[in-house]
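Colleague: Each protein sequence line maps, in turn, to chains A and B.
First residue of the first sequence: 966, per the numbering used here; consecutive thereafter.
First residue of the second sequence: 1440, per the numbering used here; consecutive thereafter.
Here a beta-carbon is modelled for each residue, glycine too, at the ideal position from N, C-alpha and C.
Could you have a look at this structure, given as structure tokens, before my questions?
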Amino acid sequence: MKKTYYLFNPGRLSRKDNTLKFTPVDEDGKEGQPRYLPVENVNDLYVFGSLDANSALYNFLGKQSIAVHFFDYYEHYTGSFMPKDYLLAGKMQIAQTQYYLSAKKRMPLARSFVRGAALNMLKNLQYYNRREKDLNQTIGQIEALMLQIPEYNKIDQLMGLEGNIRQAYYQAFDTIINDFEMGTRTKQPPQNEVNTLISFGNMMCYTACLGQIYHTQLNPTISFLHEPGYRRYSLALDLAEIFKPLLVDRTIFSLLNKRQVKSSDFRHELNRCVLKDSARKEFVKAFEEKLSDTIQHRSLGRSVSYKHLIKLECYKLTKHLLGAEGYVPFKAWW
Amino acid sequence: MYVILVYDIGKRRVTKMLKHCRKYLNWIQNSVFEGEISKARLTEMLDQAYEIMDDEEDSIIVFKSKNKEWLEKEILGFERQSTSNML
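Shown next, in the form of structure tokens:
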């Protein structure tokens, strides 16, 4: 399986001998020992440090279909370099648009995303409920909210409901996580350690989904739960809803409860809390491990990585849009 | 599959081989590469490597392992280059 490479150090990435060469540059502008990345084994690049590159490199990356994702100083996702679509399918595009345009077709899909997300949140809560954390109240609350999903017929109402579910879910974080307080969810900017990790994790999940959508015929800009807007890949947001509890929240729980990330790994700045490099690397490593973790897939009868699970979700969506098979959101069964 | 590739190539062809192998695997030491690679891609790589080689003089040895977990790596002295995907 092709690998994702994470560039934390500032440096220069160039095309050399038809492969990729990364030369790290330190603060004094001195070049370090170059590292060659085997281009045939690169899936995509995540750039956290500052990167020097020229158009020859991007032409090369485009030909090799390698996407590059960029993040700013505060680890916000700022954008991607996407190679040109290679799985064009007009039929798919038309079907996707039709589903978006007709409320009757769009609502069931939107509801599925909300239901899928809620079911996976419940799985997390039930897991900790079995481990001496009393979460029965939150579980009951979410189950009650889920009953309302079929009643709503407008997207904004559904989004509101989704917000309520998530709010109830986040309240349980303080019970699950041992040494940290989360309080309420704050973003833009996140105010404390847990919120910072959630924001960072959600962003990683969103990019992972985008990466998988790219390898299917779906158009990442036409979404169903989130409103398609400008300059963003909103279908990735829809898909990320389902996988956030599994990929992000579980990683956060284990990192904090096993003390792999400590309070000294954060820096408090004016009005915000930022991850230090050490914690950022620790999180990315754990997240990467999670993505390549495999589970025995029930209906496929073989083991499948979490990353591939995202792609399978795209395939299910494709089938739904083409009218072959109804979409049932992925639900963790363990 | 996870492989370790070592080669012994005549001086005049060795740079060509180095450049070729760098496209597929991580260089870790002179004439030694390692990395995750699929069966098909390994075949593709070795086919092209064979074109570069002079089969009277040169040789390539590939050690294959189903999974990286089956391989224990021990480094004595200075690690020339790591294979990590976090740079």
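(1) If Thr1259 (chain A) sits next to Val1249 (chain A), beta carbons under 8 Å apart, how far is it from one beta carbon to the other, in whole angstroms?
(2) Contact defined as beta carbons within less than 8 Å: I believe Tyr1271 (chain A) pairs with Leu1282 (chain A). What is the distance between those atoms, to the nearest angstrom?
(3) Find the residues of chain B that neighbour Asp982 (chain A), judging by a C-beta separation of less than 7 Å, and give them in chain order.
(4) Here's the rule I'm using: 16 or more other beta-carbon atoms within 10 Å means buried, otherwise exposed. How should His1233 (chain A) be labelled?
(5) Once you ignore the five residues that flank His1191 (chain A) on each side, which residues in its own chain have a CB closer than 7 Å to its CB?
(6) Starting from the N-terminal side, write out each stretch of the beta strand (DSSP E) that is 3 residues or longer and does not extend beyond the region 1003-1075 of chain A.
(7) Which runs of the alpha helix (DSSP H) fall wholly inside the region 1089-1172 of chain A and span at least 4 residues, in chain order?
(8) What does Gln1468 (chain B) pair with, by DSSP beta-bridge criteria?
(9) Tell me which residues of the region 1495-1508 of chain B have at least one Cβ-Cβ distance to chain A shorter than 8 Å, keeping chain order.
(10) On a CA-only basis, which of A:Ile1187, A:Val1033, A:Gln1182 is nearest Asp1050 (chain A)? Give me that one, please.
(11) Along the region 972-997 of chain A, what residues have a CB closer than 8 Å to any CB found in chain B?
(12) What does DSSP give as the partner residue(s) for Ile1443 (chain B) in the beta ladder?
(13) Measuring only between beta-carbons, confirm whether Tyr1064 (chain A) sits less than 7 Å from chain B.
(14) Ordered along the chain, which non-local residues of its own chain (more than five positions away) have a Cβ less than 6 Å from that of Cys1460 (chain B)?
(15) Would DSSP call Val1249 (chain A) helix, strand or coil?
(16) For Ile1448 (chain B), collect the residues of the same chain with a Cβ closer than 6 Å to its Cβ; drop the 5 residues on either side in sequence, then sort them by chain order.
(17) Which of the residues in the region 1247-1273 of chain A, read from start to end, lie with their CB under 9 Å from any CB of chain B?
(18) For Ser1504 (chain B) versus Tyr1441 (chain B), is the C-beta spacing smaller than 7 Å?
(19) Assuming Lys1005 (chain A) and Tyr1463 (chain B) make a contact with CB atoms under 8 Å, what is their CB distance in whole Å?
(20) Among the candidates A:Phe1189, A:Asn1129, A:Ile1207, A:Ser1188, whose CA atom is the shortest distance from the CA of Cys1170 (chain A)?
(21) Taking Ile1059 (chain A) as the reference, which of A:Lys1296, A:Pro1294, A:Gly1288, A:Gly1266 has the closest Cα?
(22) Pick from B:Leu1515, B:Ser1470, B:Thr1522, B:Thr1454: whose alpha carbon is nearest that of Leu1444 (chain B)?
(23) Going by the CB atoms, is the gap between Tyr1042 (chain A) and Met1168 (chain A) shorter than 7 Å?
(24) Within the 7 Å Cβ cut-off, does Glu1005 (chain A) reach chain B?
(25) Quick one: residues in its chain with C-beta nearer than 8 Å to the C-beta of Lys1296 (chain A), no 5 flanking neighbours on either side, listed in chain order?
(26) Do Ala1032 (chain A) and Met1047 (chain A) have their CB atoms nearer than 7 Å?
(27) With a cut-off of 8 Å on the beta carbons, I'd call Ile1120 (chain A) and Ala1054 (chain A) a contact; round off their distance for me.
(28) Can you tell me whether Gly1474 (chain B) is buried or exposed, with buried defined as 16 or more other CB within 10 angstroms of its CB?
(29) For Tyr970 (chain A), decide whether its Cβ has a neighbour in chain C, counting only Cβ atoms nearer than 7 Å.
(30) So does the region 1147-1167 of chain A actually touch the region 1103-1114 of chain A, counting three or more Cβ pairs closer than 8 Å?
(31) With H, G and I counted as helix, E and B as strand and the rest as coil, what does DSSP make of Glu1483 (chain B)?
(32) Using 6 Å as the cut-off, classify the Cβ of Lys986 (chain A) as near or not near the heavy atoms of the ligand ADP, replying yes or no.
(33) Label Asp993 (chain A) either buried or exposed according to how many other C-beta atoms from any shown protein chain fall within 10 Å of its C-beta, with 16 as the threshold for buried.
(34) What do you get for Gln1261 (chain A), buried or exposed, if any count of 16 or more other CB atoms within 10 angstroms of its CB means buried?
(35) Given this structure, state the Cα-to-Cα distance separating Ile1491 (chain B) from Lys1458 (chain B), to the nearest angstrom.
(36) Whole alpha helix (DSSP H) runs in the region 1213-1277 of chain A with 4 or more residues, listed along the chain?
Modeller: Short version:
(1) For this step, residue 1259 (chain A) is matched to residue 294 along the first sequence. For this step, residue 1249 (chain A) is matched to residue 284 along the first sequence. Not a contact, Cβ separation roughly 19 Å.
(2) For the purposes of this step, residue 1271 (chain A) is taken as the residue at position 306 of the first sequence. For the purposes of this step, residue 1282 (chain A) is taken as the residue at position 317 of the first sequence. Going by Cβ atoms, the distance from Tyr1271 (chain A) to Leu1282 (chain A) rounds to 17 Å, so no, they are not a contact pair.
(3) Numbered from 1 along the first sequence, position 17 holds the residue referred to as residue 982 (chain A). In chain order: Lys1458, Arg1461.
(4) Position 268 of the first sequence, counted from the start, is the residue given in the question as residue 1233 (chain A). Its Cβ having fewer than 16 others within 10 Å, His1233 (chain A) is exposed.
(5) To locate residue 1191 (chain A), count along the first sequence from 1; it is residue 226. Excluding residues up to 5 positions away in sequence, Ser1199, Leu1202, Asp1203 lie with their Cβ nearer than 7 Å to the Cβ of His1191 (chain A) in the same chain.
(6) Here the runs fully enclosed are 1007-1012, 1032-1036, 1042-1046.
(7) Within the region 1089-1172 of chain A, complete alpha helix (DSSP H) segments of at least 4 residues are found at 1101-1112, 1120-1136, 1138-1141, given in chain order.
(8) Position 29 of the second sequence, counted from the first residue, corresponds to residue 1468 (chain B). Gln1468 (chain B) is bridged to B:Val1471.
(9) Taking 8 Å as the upper bound on Cβ-Cβ separation, chain A lies near no residue of the region 1495-1508 of chain B.
(10) To locate residue 1050 (chain A), count along the first sequence from 1; it is residue 85. If we check each option's Cα against that of Asp1050 (chain A), A:Gln1182 comes out closest.
(11) Those residues of the region 972-997 of chain A that come within reach of chain B (Cβ to Cβ, closer than 8 Å) are Leu972, Phe973, Asn974, Gly976, Asp982, Asn983, Thr984, Phe987, Pro989.
(12) Residue numbering aside, residue 1443 (chain B) sits at position 4 when the second sequence is read from its first letter. Residue pairing for Ile1443 (chain B): DSSP places it in a beta bridge opposite B:Glu1473, B:Phe1502.
(13) Here residue 1064 (chain A) corresponds to residue number 99 of the first sequence, with the count starting at 1. It does not; no Cβ of chain B falls within 7 Å.
(14) Locating residue 1460 (chain B) in the second sequence gives position 21, counting from the first residue. So the list reads Phe1472, once near-sequence residues are dropped.
(15) The residue you call residue 1249 (chain A) lines up with position 284 of the first sequence. Here Val1249 (chain A) carries a helix assignment [DSSP, helix/strand/coil].
(16) What you label residue 1448 (chain B) is simply residue 9 of the second sequence in a count that begins at 1. Residues of the same chain with a CB within less than 6 Å of the CB of Ile1448 (chain B), apart from the 5 flanking positions on each side, are Met1456, Asp1497 in chain order.
(17) So the list reads Val1249, Lys1250, Glu1253, given in the order they occur along the chain.
(18) Translated into positions along the second sequence, residue 1504 (chain B) becomes position 65. Translated into positions along the second sequence, residue 1441 (chain B) becomes position 2. One thing to note: Ser1504 (chain B) has its Cβ within 7 Å of the Cβ of Tyr1441 (chain B).
(19) Along the first sequence, one-based indexing puts residue 1005 (chain A) at 40. Along the second sequence, one-based indexing puts residue 1463 (chain B) at 24. The sequence given here has Glu at residue 1005 (chain A), not Lys. The pair is a contact, with the Cβ atoms about 5 Å apart (cut-off 8 Å).
(20) Position 205 of the first sequence, counted from the start, is the residue given in the question as residue 1170 (chain A). For Cys1170 (chain A), the closest C-alpha among the options A:Phe1189, A:Asn1129, A:Ile1207, A:Ser1188 is that of A:Ile1207.
(21) The residue labelled residue 1059 (chain A) in the question sits at position 94 within the first sequence. The option with the nearest alpha carbon to Ile1059 (chain A) is A:Gly1288.
(22) One-based indexing of the second sequence puts residue 1444 (chain B) at position 5. Sorting B:Leu1515, B:Ser1470, B:Thr1522, B:Thr1454 by C-alpha distance to the C-alpha of Leu1444 (chain B) places B:Ser1470 at the top.
(23) If you number the first sequence from 1, residue 1168 (chain A) lands on position 203. If you number the first sequence from 1, residue 1042 (chain A) lands on position 77. Going by C-beta atoms, Met1168 (chain A) is nearer than 7 Å to Tyr1042 (chain A).
(24) Position 40 of the first sequence, counted from the start, is the residue given in the question as residue 1005 (chain A). Contacts with chain B at 7 Å (Cβ-Cβ) include Glu1005 (chain A).
(25) The residue labelled residue 1296 (chain A) in the question sits at position 331 within the first sequence. Within the same chain, Lys1296 (chain A) has close Cβ partners Gly1081, Leu1084, Asn1085, Lys1088.
(26) Position 67 of the first sequence, counted from the start, is the residue given in the question as residue 1032 (chain A). Position 82 of the first sequence, counted from the start, is the residue given in the question as residue 1047 (chain A). With contacts defined as CB atoms closer than 7 Å, Ala1032 (chain A) and Met1047 (chain A) qualify as a contacting pair.
(27) Position 155 of the first sequence, counting from 1, holds the residue named residue 1120 (chain A). Position 89 of the first sequence, counting from 1, holds the residue named residue 1054 (chain A). Ile1120 (chain A) to Ala1054 (chain A), Cβ: 26 Å. No contact.
(28) Taking the second sequence and counting its residues from 1, one reaches residue 1474 (chain B) at position 35. Its Cβ being crowded by 16 or more others within 10 Å, Gly1474 (chain B) is buried.
(29) Checking the listed chains, one finds no chain C in this structure; the protein chains it contains are A and B.
(30) No contact exists between the region 1147-1167 of chain A and the region 1103-1114 of chain A.
(31) Here residue 1483 (chain B) corresponds to residue number 44 of the second sequence, with the count starting at 1. Three-state DSSP puts Glu1483 (chain B) in a helix.
(32) Of the ligands one can find in the structure shown there are none, so the ligand ADP has no counterpart to examine.
(33) As a working mapping, residue 993 (chain A) is identified with position 28 in the first sequence. Counting the other Cβ atoms within 10 Å of the Cβ of Asp993 (chain A) gives fewer than 16, which makes it exposed.
(34) The residue labelled residue 1261 (chain A) in the question sits at position 296 within the first sequence. Burial is judged here by how many other beta carbons sit within 10 angstroms of a residue's own beta carbon; Gln1261 (chain A) has fewer than 16 and is exposed.
(35) Sequence index remark: in the second sequence, residue 1491 (chain B) carries index 52 (1-based). Sequence index remark: in the second sequence, residue 1458 (chain B) carries index 19 (1-based). So the alpha carbons of these two residues sit roughly 11 Å apart.
(36) Listed in chain order, the alpha helix (DSSP H) runs fully inside the region 1213-1277 of chain A are 1215-1222, 1242-1257, counting runs of at least 4 residues.
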